[in-house]
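Below is one structure, written out as structure tokens; comments come after it.
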Ligand SMILES: Cc1cc2nc3c(=O)[nH]c(=O)nc-3n(C[C@H](O)[C@H](O)[C@H](O)COP(=O)(O)OP(=O)(O)OC[C@H]3O[C@@H](n4cnc5c(N)ncnc54)[C@H](O)[C@@H]3O)c2cc1C
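Numbering (my numbering), first residue to last: 917 to 1092.
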């Protein structure tokens, strides 16, 4: 798999670990992990998918970081959780199933309480607008007035890159 490497990938990885990707639901999850040593399973899947399929960083780096943070860190469950999300495990979710970090937030945190708890820079945004600070700004609600970062990637674009990488990898395998 043509994973992303180099200083840009390292900067993206750091932003992910610190909950500063500009994707509120992802950032809330990573900040919950930092604040409590735990994260709900739904959000673990979303942040893992984001690292592997939006930032194109190998699942092993994410799994290693989780093991330094999780109070329930377990080598077997963690590795299989990451491989499931990355589409390479024993009974993995298919690679082409890419979690949308925005619609997942809107679906599982409809009023934005979870994001409001862990991302104070967005707490001034009402209801579900907290999941899309870029739209909130357009409607004059000042999504970025309190220093929340802009999205470090465009999910639509990176989803296509991930799927292209996957077919590239499959073709390589075929040619072997
Ligand atoms: C990327 C990723 C990484 C994960 N890393 C870990 C990890 O390091 N340690 C870990 O125990 N779980 C891990 N999980 C599985 C799951 O997220 C946690 O077990 C669950 O969120 C723990 O919260 P709970 O104790 O409230 O679970 P509850 O929902 O109350 O479930 C009760 C118990 O069942 C077991 N369990 C529940 N879901 C799973 C699952 N999907 N896989 C394996 N066991 C499960 C756990 O022992 C859990 O304590 C991971 C999942 C993903 C997607």
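The beta-carbon is built from N, C-alpha and C at its ideal position, and this holds for glycine as well.
Is the beta carbon of residue i less than 8 Å from the beta carbon of residue j?
i: residue 1015; j: residue 961; result: yes
i: residue 944; j: residue 1060; result: no
i: residue 1021; j: residue 923; result: no
i: residue 988; j: residue 932; result: no
i: residue 937; j: residue 1068; result: yes
i: residue 986; j: residue 928; result: no
i: residue 974; j: residue 919; result: yes
i: residue 979; j: residue 1034; result: no
For residue i, name the three-state secondary structure that DSSP assigns.
i: residue 1034; result: helix
i: residue 1009; result: coil
i: residue 972; result: coil
i: residue 977; result: helix
i: residue 994; result: helix
i: residue 1092; result: coil
i: residue 1028; result: coil
i: residue 955; result: coil
i: residue 946; result: helix
i: residue 1068; result: coil
i: residue 920; result: coil
i: residue 1062; result: coil
Using the Cα positions of residue i and residue j, report the straight-line distance between them to the nearest angstrom.
i: residue 1038; j: residue 1009; result: 32 Å
i: residue 999; j: residue 992; result: 11 Å
i: residue 967; j: residue 1036; result: 23 Å
i: residue 1002; j: residue 996; result: 10 Å
i: residue 1086; j: residue 1064; result: 38 Å
i: residue 1048; j: residue 1079; result: 24 Å
i: residue 1057; j: residue 976; result: 39 Å
i: residue 942; j: residue 1017; result: 7 Å
For residue i, would you say it is in contact with chain D, using Cβ-to-Cβ distances shorter than 8 Å as the test?
i: residue 971; result: In summary, chain D is missing from the structure at hand, where a single protein chain is found.
Original post:
Counting by C-beta, which residues lie closer than 5 Å to a heavy atom of ligand 1, in chain order?
Top reply: Spelled out in chain order, the answer is 957, 960, 961, 964, 986, 988, 989, 990, 993, 994, 997, 998.
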